[in-house]
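Residue 300 in my numbering is what sits at position 17 of the sequence shown, and the numbering runs on without skipping anything. No residue lacks a Cβ here, since even glycine has one placed at the ideal position from N, Cα and C. What follows is a single structure, written as structure tokens, with notes after it.
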Amino acid sequence: PGTHIDWDGEAHNSLWSDPLNWNIDALPMSFNGVSIDAQPAPIVVDSGQQAAEGLISSADIVISGGSLSIGIRGGISGKLSLSGGILDTRGLLTLQNRFTWTGGTLSGIGNYRFNAGFDYPTTSTGTMAATSTISIIEPGNLLRLPTMPAVASLSASSGGDLLVLGPLTATSGGVGLTANNDVIVNSGSDIQGHGIRLEAGRSLILNANIDSGQDLLTLVANDLFPITLGDSRLAGAASIIQAAGTRLVSD
Numbered sequence: 284p285g286t287h288i289d290w291d292g293e294a295h296n297s298l299w300s301d302p303l304n305w306n307i308d309a310l311p312m313s314f315n316g317v318s319i320d321a322q323p324a325p326i327v328v329d330s331g332q333q334a335a336e337g338l339i340s341s342a343d344i345v346i347s348g349g350s351l352s353i354g355i356r357g358g359i360s361g362k363l364s365l366s367g368g369i370l371d372t373r374g375l376l377t378l379q380n381r382f383t384w385t386g387g388t389l390s391g392i393g394n395y396r397f398n399a400g401f402d403y404p405t406t407s408t409g410t411m412a413a414t415s416t417i418s419i420i421e422p423g424n425l426l427r428l429p430t431m432p433a434v435a436s437l438s439a440s441s442g443g444d445l446l447v448l449g450p451l452t453a454t455s456g457g458v459g460l461t462a463n464n465d466v467i468v469n470s471g472s473d474i475q476g477h478g479i480r481l482e483a484g485r486s487l488i489l490n491a492n493i494d495s496g497q498d499l500l501t502l503v504a505n506d507l508f509p510i511t512l513g514d515s516r517l518a519g520a521a522s523i524i525q526a527a528g529t530r531l532v533s534d
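Below you can see the structure in the form of structure tokens.
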């Protein structure tokens, strides 16, 4: 195993790519474990192919260019923002604070856990290239899910509404989407998986095809089920609304 490397910030510029910001005055490599304590300004990845075998960070991190690849395991308790470049994991990357995704690419064969918020604005140009297991918890009023063309499986929950913006395909596992209020699947945002469960505290609004293959398809609209992520349910009777011309498939 490689040497463990700590951030010391001696270059005073917050750049991951500056060797002087690391205690050995050299950049971490893919075989190094990395630790970053809380910092007054975010750590910036803006160029180059940056890497670490493992990453533990209490600092905020901004990825705006280049790439950051995490090997075995990563844990970030600061905020993480991806506006450009590539974030890649081959193991398990767990985010304990808010993730904001305005551009760039999520990639890798490892697993992502977004445990405290997932912000994908309407103007985001971010793309999903990960083929891993994705888990998302959004405690706020709205979770927007971008196109996910080939993830292994997907689990996502919202304290309010959950909006599916593009097609979701789980290649080897299931898709589970839960919202305290409405689950809304936009037109053209077909969902495919090996077992699908869509559960809303108010209504399911389905404007695209839902295909669970030969596995179980479960649709639940229940205004009596317990609120799990904050009190943001709107008044109104539960319902399941399927747009004309769409299909529900469970062979």
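query                                                                                                                                                               : result
Whose C-beta lies closer than 7 Å to the C-beta of I392 among residues of the same chain, with five residues either side of it excluded?                            : R373, T414, S415
Out of curiosity, what's the CA-to-CA distance linking R530 and N492?                                                                                               : 5 Å
Just grab the DSSP bridge partners of G357 for me.                                                                                                                  : L338, L376
Tell whether a beta-carbon distance below 9 Å holds between N398 and S418.                                                                                          : yes
With a threshold of 6 Å on Cβ separation, who are the neighbours of P535 within its own chain once the five nearest residues in sequence on each side are excluded? : Here the chain covers residues 284 to 534 and nothing more, so residue 535 does not appear.
Provide the residue(s) that pair with L481 in DSSP beta bridges, ordered along the chain.                                                                           : L460, L502
Closest by CA to W299, which one among A412, R485, Q332?                                                                                                            : Q332
In whole angstroms, what separates the C-alpha of G471 from that of L502?                                                                                           : 19 Å
Note down the Cα distance separating D494 from T430, rounded to an integer number of angstroms.                                                                     : 16 Å
Assuming G337 and G354 make a contact with CB atoms under 8 Å, what is their CB distance in whole Å?                                                                : 6 Å
Hey, does D498 have any beta-carbon neighbour from chain C nearer than 9 Å?                                                                                         : Judged by its chain identifiers, the structure shown contains no chain C, having just a single protein chain.
Going by beta-carbon coordinates alone, are G361 and L376 separated by less than 9 Å?                                                                               : no
State the DSSP-derived secondary structure class of P311, mapped to helix, strand or coil.                                                                          : coil
Suppose the cutoff is 8 Å on Cβ atoms and the five residues either side in sequence are ignored; what does the same chain contact list for I524 look like?          : S486, L487, I488, L489
Would a C-beta distance cut-off of 9 Å place T454 and A439 closer than the cut-off?                                                                                 : no
May I ask you to report which of helix, strand or coil DSSP gives L448?                                                                                             : coil
Does V532 pass the burial test, meaning 16 or more other C-beta atoms within 10 Å, or should it be called exposed?                                                  : exposed
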